[in-house]
Amino acid sequence: MKIKIIRISAGKVKDFAATELQKYLLKMTGEKVEIQRKKRIKSLKERNIYLGLMGDFQTFLPHQRIDGDGFWVFSANGSLLLAGSNPRSALYAVYDFLEENGCRWLYPGKDGEFIPRKRNIQLGGYKIFRNAYLKHRGLCTEGSFNIAHLVNFIDWMAKKKMNHLFAQFESLYFFYRRYEKNISLEKVRRWDKKLEEELHKRGLIFEKVGHGWINKAL
Numbered sequence: 451m452k453i454k455i456i457r458i459s460a461g462k463v464k465d466f467a468a469t470e471l472q473k474y475l476l477k478m479t480g481e482k483v484e485i486q487r488k489k490r491i492k493s494l495k496e497r498n499i500y501l502g503l504m505g506d507f508q509t510f511l512p513h514q515r516i517d518g519d520g521f522w523v524f525s526a527n528g529s530l531l532l533a534g535s536n537p538r539s540a541l542y543a544v545y546d547f548l549e550e551n552g553c554r555w556l557y558p559g560k561d562g563e564f565i566p567r568k569r570n571i572q573l574g575g576y577k578i579f580r581n582a583y584l585k586h587r588g589l590c591t592e593g594s595f596n597i598a599h600l601v602n603f604i605d606w607m608a609k610k611k612m613n614h615l616f617a618q619f620e621s622l623y624f625f626y627r628r629y630e631k632n633i634s635l636e637k638v639r640r641w642d643k644k645l646e647e648e649l650h651k652r653g654l655i656f657e658k659v660g661h662g663w664i665n666k667a668l
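Just so you know, the sequence shown maps onto residues 451 to 668 in the numbering used here.
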């Protein structure tokens with residue numbers, strides 16, 4: 451029986467989480483897994499992976515106290531529940547399940563990824579609950595980079611269950627210019643917009659400016 455991914459309720463981050471799970475299952479097994487979308491579920495069917503929030507699976511999951519970004523990877527009735535306390539941590543549940551199956555993301559970019567080949571993906575035997583001990587787990591931009599570097603880094607941050615990026619100043623122009631000396635303001639705006647899109651797609655926290663306010667005032 452083939453695996454199906456059942457994504458519960460709507461949301462951009464949960465959609466992204468489902469497509470990430472589909473992508474890596476394809477890389478591992480060579481078979482494309484179907485994604486179905488449902489508003490709610492009353493029962494669990496064998497060989498389905500259910501992806502959503504803990505509130506979607508109250509009937510099936512043990513009760514746990516949650517602080518911030520908690521998630522379950524939980525087997526029940528021949529199926530698997532990937533459930534987060536929020537959409538971002540549902541994405542973390544996906545990556546945690548994939549890590550349990552041998553996937554590794556050692557550093558940003560394709561070269562840093564190791565994906566094992568498998569004939570079958572087992573959905574039984576999981577009872578993993580993880581709760582974040584730190585509210586903010588992230589980094590501040592520094593150095594010299596372009597948008598490709600940033601996108602790879604943001605992707606890696608989510609896979610390592612970080613949740614926060616702080617960008618210095620109102621725009622990252624200062625850092626882009628170190629990498630591309632004659633960069634145009636139009637390109638800077640495109641890159642800044644792309645940065646925000648990639649963060650929001652994963653539900654990551656985005657803050658910017660900081661002591662840049664002082665620079666602007668002066």
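Note that beta-carbon positions come from the ideal geometry of N, C-alpha and C, so glycine has one too.
_Short of 6 Å in beta carbon distance, which residues of its chain neighbour Gly559, apart from the five on each side in sequence? Order them along the chain._
Reading the sequence shown from its first residue, position 109 is the one you call residue 559. Asn602.
*asked:* Suppose the cutoff is 7 Å on Cβ atoms and the five residues either side in sequence are ignored; what does the same chain contact list for Ser621 look like?
replied: Residue mapping note: residue 621 aligns to position 171 of the sequence shown, counting from 1. Closer than 7 Å at Cβ, skipping near neighbours: Val638 and Asp642.
_Cβ contact (3+ pairs, closer than 8 Å) linking the stretch 564-571 and the stretch 472-486_ = yes
*Any idea if Ser493 is buried or exposed, counting beta-carbon neighbours within 10 angstroms, 16 or more meaning buried?*
Position 43 of the sequence shown holds residue 493. Ser493 is exposed by the Cβ-count criterion.
*Specify the secondary structure class of Gly588 as computed by DSSP and reduced to three states.*
Working through the sequence shown from its first residue, we reach residue 588 at position 138. Three-state DSSP puts Gly588 in a strand.
*Roughly how many angstroms separate the alpha carbons of Gln472 and Lys482, rounded to a whole number?*
As a position in the sequence shown, residue 472 is number 22, starting the count at 1. As a position in the sequence shown, residue 482 is number 32, starting the count at 1. Between Gln472 and Lys482, the C-alpha separation is close to 7 Å.
*Throw me the rounded Cβ distance for the Glu550 and Asn527 pair, which I believe falls under 8 Å.*
Against the sequence shown, residue 550 aligns to sequence position 100. Against the sequence shown, residue 527 aligns to sequence position 77. Not confirmed; about 19 Å, so no contact.
*Does the Cβ of Asp506 have 16 or more other Cβ atoms within 10 Å, making it buried, or fewer, making it exposed?*
Within the sequence shown, residue 506 is the residue found at index 56, counting from 1. Burial call: buried.
*Helix, strand or coil for Asn581 per DSSP?*
As a position in the sequence shown, residue 581 is number 131, starting the count at 1. Reduced to three states, the DSSP call for Asn581 is strand.
*Tyr500 by DSSP, collapsed to three states: which one?*
Numbered from 1 along the sequence shown, position 50 holds the residue referred to as residue 500. Correct three-state label for Tyr500: strand.
*Can you tell me the Cα-Cα spacing of Ile456 and Asp519, whole angstroms?*
By one-based count along the sequence shown, residue 456 stands at place 6. By one-based count along the sequence shown, residue 519 stands at place 69. So the alpha carbons of these two residues sit roughly 21 Å apart.
*Taking DSSP as the reference, what is the three-state secondary structure of Ser459?*
Looking up residue 459 in the sequence shown gives position 9. The answer is coil: DSSP assigns Ser459 none of H, G, I, E or B.
_Check this for me: beta carbons of Ala533 and Met504, under 7 Å apart or not?_
Sequence index remark: in the sequence shown, residue 533 carries index 83 (1-based). Sequence index remark: in the sequence shown, residue 504 carries index 54 (1-based). Result yes, Cβ atoms of Ala533 and Met504 sit closer than 7 Å.
*Among Tyr583, Ile578, Tyr629 and Asp605, nearest to Asn596 - alpha-carbon criterion*: In the sequence shown, counting from the first residue as 1, residue 596 sits at position 146. It is Tyr629.
*Can you list, in chain order, the residues of its chain whose CB lies under 6 Å from that of Ala582, leaving out five sequence neighbours each side?*
The residue labelled residue 582 in the question sits at position 132 within the sequence shown. For Ala582, where only same-chain residues beyond five positions count, the Cβ hits under 6 Å are Gly518 and Asp519.
*Throw me the rounded Cβ distance for the Gly593 and Phe619 pair, which I believe falls under 8 Å.*
The residue you call residue 593 lines up with position 143 of the sequence shown. The residue you call residue 619 lines up with position 169 of the sequence shown. In fact, because the Cβ distance is near 14 Å, the residues do not count as touching under 8 Å.
*Take Trp606 and list the residues in its own chain whose beta-carbon comes closer than 8 Å to its own, dropping the five residues that flank it on each side.*
Working through the sequence shown from its first residue, we reach residue 606 at position 156. The answer, listed in chain order, is Trp555, Tyr557, Pro558, Gly559 and Gly562.
*asked:* Is it buried or exposed, Ala608, if we count other Cβ atoms within 10 angstroms and call 16 or more buried?
replied: To locate residue 608, count along the sequence shown from 1; it is residue 158. Under this definition Ala608 is a buried residue.
*Leaving aside the five residues before and after Gly575 along the sequence, list all residues of the same chain whose C-beta is less than 7 Å from its C-beta, in chain order.*
Walking along the sequence shown from the start, residue 575 turns up at place 125. So the qualifying residues of the chain are Ser525.
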